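Report on the following structure.
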Amino acid sequence: MLIIPNYALLIVDAQRQFEAARCPVTLRAICREVDIARRANLPIVVLEFPPDDLLHAAVELERHKGIITPPPRHDVLKPTTDRRVMDALAGYDKFCVRWKHQSDGSANVIYALWDHQWPSENFRVVGVNTDKCVYKTIRNLREQFRPQARIELVLDACNTTCDFDWGIFDDLNVEMIAGDNQSEKIA
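Quick look at the structure:
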């Protein structure tokens, strides 16, 4: 049983370049969440960093010339998200992959949903670098775009490589979901 009956699944940074994204347990849990969303015909937005040369160019423009690079508004044609995740998405027509140029991918999520006309006010989030990219994306979804949204964070489908306190999510009104038991909330 799902806590949120209608949501967009967000997959954050499941790229092999990140050590946390190479964990088979995390990848299986992410693929499980993809399967659940597919069966419910829910939108899925995959966020990833672009290749280093493009990311470096965007960062340099902002750092040295004060030019802020807007969030990319096109779908990525050759994603670098882990092959197992992309295989789980294969053949599904309600997903897209978007590049982000910073840790926070919230604007990219909102644009992706808007561009594809996939209305969603609620989010279920999985991914890696939980202490940075997942956190910042959730924080800004909550603060800037969807203050009333219900947001779930699926713990077994998240991973990071540093000491990390899940308490950083406490002030964001996020439902912490264990994972395998879809209805189990973490107190």
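Numbered per our numbering, the sequence shown spans residues 1263 to 1449.
Backbone N, C-alpha and C fix where the C-beta goes; we use that ideal spot for every residue, glycine too.
Please read all numbers here as calculations on a predicted model, not as lab measurements.
Exercise. So which of VAL1359, CYS1424, VAL1436 has the shortest CA-CA distance to GLN1277?
Worked result: Ranking VAL1359, CYS1424, VAL1436 by CA distance to the CA of GLN1277 puts VAL1359 first.
Exercise. For PRO1332, is the classification buried or exposed, using 16 other Cβ atoms within 10 angstroms of its Cβ as the cut-off for buried?
Worked result: Exposed, because fewer than 16 other Cβ atoms sit within 10 Å of the Cβ of PRO1332.
Problem set entry | Under the three-state DSSP convention, the category ALA1449 falls into | Annotation note: pLDDT 43 at ALA1449 (below 50); position unreliable, coordinate value reported separately. ALA1449: coil per DSSP, three-state reduction.
Exercise. For PHE1275 versus ASN1391, is the C-beta distance shorter than 7 angstroms?
Worked result: Checking the displayed sequence, the identity of residue 1275 turns out to be Asp instead of Phe. Yes, the Cβ-Cβ distance between ASP1275 and ASN1391 is below 7 angstroms.
Exercise. Would you call ILE1448 buried or exposed, if buried means 16 or more other Cβ atoms sit within 10 Å of its Cβ?
Worked result: Below a pLDDT of 50, predicted positions are generally treated as unreliable, and ILE1448, at 45, falls in that range; no measurement from the model is reported.
Problem set entry | Cutoff 7 angstroms; reference ARG1346; Cβ partners in own chain excluding five residues on either side | LEU1289, CYS1293
Exercise. Is it true that the CB of LEU1304 sits closer than 7 angstroms to the CB of PHE1385?
Worked result: no
Exercise. Which of helix, strand or coil does DSSP assign to CYS1293?
Worked result: DSSP places CYS1293 in helix when its eight states are reduced to three.
For this session: Confirm, please, whether the CB-CB distance from PRO1312 to TRP1361 is below 7 angstroms.
Result: yes
Exercise. How about the region 1426-1445 and the region 1409-1418: do they share at least three Cβ pairs that are nearer than 8 angstroms?
Worked result: yes
Exercise. On the premise that GLY1389 lies in contact with ASP1418, defined as a C-beta separation below 8 angstroms, what is that separation, rounded to the nearest angstrom?
Worked result: Rounded, the Cβ-Cβ distance is 12 angstroms, inconsistent with contact.
Exercise. By a C-beta neighbour count over all protein chains shown, 10 Å radius and 16 as the cutoff for buried, is HIS1519 buried or exposed?
Worked result: Summary: the structure shown does not reach residue 1519, with the chain confined to residues 1263 through 1449, and so no result is reported for it.
Exercise. Going by DSSP, what residues sit across from ALA1270 in a beta bridge?
Worked result: PHE1385
Exercise. Does the Cβ-Cβ distance between TYR1354 and ARG1404 come in under 7 angstroms?
Worked result: Going by C-beta atoms, TYR1354 is not nearer than 7 angstroms to ARG1404.
Exercise. By Cβ distance below 8 angstroms, which residues in the same chain neighbour ILE1430 in space, the five residues on each side in sequence not counted?
Worked result: ASP1393, TYR1397
Exercise. Rounded to a whole number of angstroms, what is the C-alpha to C-alpha distance between MET1348 and LEU1309?
Worked result: Near 12 angstroms, if we compare the C-alpha coordinates of LEU1309 and MET1348.
For this session: Return the bridge partner residues of PHE1357 from the DSSP annotation.
Result: ILE1306
For this session: Using only alpha-carbon positions, find the residue among ASP1377, TRP1380, GLN1406, ALA1350 that is nearest to ASP1297.
Result: ALA1350
Exercise. Could you check where the beta strand (DSSP E) with LEU1455 kicks off and where it finishes?
Worked result: Residue 1455 falls outside the range modelled here, since the chain spans only 1263 to 1449, and no answer is possible.
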